[in-house]
Amino acid sequence: PDVSETTRIPRPPRGREEVPVQLSRLLDAHQIIIRDCRELARRASQIGDDGSNDLVVSQVLRTNELQVWFLSEHLVNVPLVEAQGDVYKPPKSA
Numbered sequence: 576p577d578v579s580e581t582t583r584i585p586r587p588p589r590g591r592e593e594v595p596v597q598l599s600r601l602l603d604a605h606q607i608i609i610r611d612c613r614e615l616a617r618r619a620s621q622i623g624d625d626g627s628n629d630l631v632v633s634q635v636l637r638t639n640e641l642q643v644w645f646l647s648e649h650l651v652n653v654p655l656v657e658a659q660g661d662v663y664k665p666p667k668s669a
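Residue 576 is where the sequence shown starts when you use our numbering, and the numbers rise one by one after that.
Structure follows, in structure tokens:
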């Protein structure tokens, strides 16, 4: 099967999305990878596969944790937007 068809990361909608929505989706994708890496590292440790554990933790997990931090810092001052399917809705005025 095609890798893109077996992923746990949802496909983005077709068409244009506002930047904050794109960044939020990217942040969610990194968090999915982090969760799966932690489970994989835990399993590798349980069966004594230290090489795989080290690879997952040092190369994949830490890289994605850094990306989450980086993206989170950029989202701090971004105005809230709401995505509903393929439709962008600007924030409601106060």
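For glycine and all other residues, C-beta sits at the position ideal for the given N, C-alpha and C.
- In the structure shown, residue 589 adopts coil according to DSSP, grouped into three states.
- Annotation for residue 638: the continuous alpha helix (DSSP H) segment containing it runs 637-650.
- A straight-line Cα-Cα distance of about 28 Å links residue 651 and residue 582.
- Contact between residue 609 and residue 636 is confirmed by a C-beta separation of about 6 Å, below the 8 Å threshold.
- Note that the region 632-646 touches the region 594-602; at least 3 beta-carbon pairs, one per stretch, sit closer than 8 Å.
- Excluding five sequence positions before and after residue 627, the CB atoms of its chain that fall closer than 7 Å to its own CB belong to 619, given in chain order.
- Taking C-beta atoms as the reference points, residue 605 and residue 630 fail to come closer than 9 Å.
- Between residue 587 and residue 597, the gap from beta carbon to beta carbon is short of 9 Å.
- Using a Cβ distance threshold of 9 Å, residue 612 and residue 594 do not count as a contacting pair.
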